[in-house]
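This report refers to the structure that appears directly beneath it.
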Amino acid sequence: MPTGTVSWGWLGLLSPSTDSIACDCVRAAAANEANHYLSAYIPIHEPLASTQKQDVHDFWNAASCGENLYLDGSDRVAYEAQAQKRYALEPYILDFAHFEDSAGQRVLEIGVGLGADHQRFAEAGADLYGIDLTERAIEHTSHRMAEFGLSSELRVGDAEHLTFPDAFFDRVYSWGVLHHTPATPQALAEVWRVLKPGGRASIMIYHKWSLVGIMLWLRYALLSLRPWMSLDEIFSEYLESPGTKAYSVPAARALFAQWSVVRISTVLGHGDLLESEAGQRHRGIVLSLARRFWPRAILKRFFPALGLCMMIDAWK
Ligand SMILES: C[S@@+](CC[C@H](N)C(=O)[O-])C[C@H]1O[C@@H](n2cnc3c(N)ncnc32)[C@H](O)[C@@H]1O
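Under this note's numbering, the first residue of the sequence shown carries the number 1, and numbering increases by one thereafter.
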């Protein structure tokens with residue numbers, strides 16, 4: 001994801017080599033600390049309602065987004081380095097998140113992952129809450145916050161069934177998450193419910209008509225002699241966790257039909273432009289050639305809208 005977009009599992013599929021999802025960076029101390037914290041919230045051991053959601057859970061619980069590629073330890077230095085890499089690769093997150101505006105606001109982040117954005121909200125002075133479907137992400141983020149002396153109400157939770165009262169938050173933020181959950185409209189209904197009237201949702205979901213989507217289709221549909229495969233099937237099977245979805249701009253507008261103001265933009269990211277280190281880890285010939293000859297300047301000039309990240313700002 002990219003990310004989240006700094007998860008790059010799909011790039012591995014362009015090459016014979018794969019990136020192991022075994023993780024060695026969560027220290028026992030962090031796990032104990034997080035487990036102690038989580039025991040206050042419990043539902044973590046309940047079976048997840050849908051099989052597909054269990055698959056999503058298992059995928060992200062094996063390694064949080066960007067963990068294998070960009071996190072090299074579990075101390076402040078490692079977390080700082082991961083954040084630096086994240087915002088260098090995806091500088092548009094900073095513009096979109098407007099962390100600095102959140103001072104004094106009650107903010108919920110859905111799908112905290114490794115917690116880089118969560119840390120920024122806390123540093124900005126938000127009254128902060130965060131959930132993630134996976135224990136691993138909550139452990140990472142809890143540990144990260146402790147390392148920096150920051151606080152947040154973190155818990156394992158499901159975006160489709162938020163455990164917060166109606167009209168509780170000034171802002172809900174979620175980067176690269178809600179396209180992974182099986183019932184995205186249900187999750188957005190929950191975002192609406194927990195926001196105060198006039199509250200703001202800042203949500204990034206994947207954009208269907210993107211260079212990443214086209215590349216994946218070329219590789220897994222056309223070059224695999226299955227040109228009948230739809231982009232929806234390609235995203236679902238080959239981009240990150242099973243069942244990942246991507247939306248056209250009109251489809252996203254329809255998802256947000258009940259919101260009072262909706263702003264949508266797409267951005268060419270490092271995945272679309274084959275710019276990140278992730279490509280260097282995978283040495284497949286197709287990817288190597290693509291990286292070398294990718295017409296980045298032309299794509300930026302003539303196809304700026306074909307980015308994977310679709311950023312939606314909406315007010316209740
Ligand atoms: C691509 S990662 C993004 C993480 C983080 N926002 C980032 O940008 O790095 C997707 C995250 O969404 C979480 N997730 C998926 N479905 C979810 C759900 N229904 N409720 C809460 N979190 C969910 C996953 O566990 C995973 O941590």
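Think of the CB as a built atom: it goes at the ideal place given N, C-alpha and C, for glycine as much as any other residue. Just so we're clear, the structure is a prediction, and the values are computed from it rather than from any experiment.
Enclosing beta strand (DSSP E) for Leu-154 [first to last residue]: 153 to 156
From the DSSP output, in three-state form, read off Asp-117 for me. helix
Do Arg-144 and Tyr-79 have their beta-carbon atoms positioned less than 8 Å apart in this structure? yes
Under the three-state reduction of DSSP, which class applies to Phe-168: helix, strand or coil? The three-state secondary structure of Phe-168, taken from DSSP, is coil.
Same chain only: Cβ atoms within 7 Å of Ala-81, ignoring 5 sequence neighbours per side: Asp-72
Would you grab the beta carbon distance between Pro-242 and Val-56 for me? Rounded to a whole angstrom, and I think it's under 8 Å. 7 Å
Which runs of the alpha helix (DSSP H) spanning at least 4 residues fall entirely within the segment 61 to 111, listed in chain order? 67 to 70, 76 to 89 and 92 to 97
Cutting at 8 Å between CB atoms, please list the residues of its own chain near Met-229, excluding the five before and the five after it. Trp-217, Tyr-220 and Ala-221
Can you give the Cα-Cα distance for Ala-22 and Val-261, rounded to whole angstroms? With a pLDDT of only 25 at Ala-22, under 50, the local geometry of the prediction cannot be trusted, and the value read off the model is given with reservation. Taking the straight line from one Cα to the other gives about 42 Å.
Output needed for Val-212: all residues of its chain with C-beta closer than 6 Å, excluding positions within five of it in sequence on either side, in chain order. Gly-271, Asp-272 and Leu-308
Taking 7 Å as the cut-off, is the CB of Asp-272 close to at least one heavy atom of ligand 2? Inclusion of ligand 2 in the displayed structure is not the case, the ligand content consisting of ligand 1 alone.
Would DSSP call Arg-144 helix, strand or coil? helix
Going by DSSP, what residues sit across from Leu-128 in a beta bridge? In the DSSP assignment, Leu-128 forms a beta bridge with Val-107.
Just to confirm my understanding: we take Ala-290, look at its own chain, exclude 5 residues before and 5 after, and list those with CB closer than 7 Å. What are they? Leu-274
Quick check: does the Cβ of Thr-141 come within less than 7 Å of any heavy atom belonging to ligand 1? no
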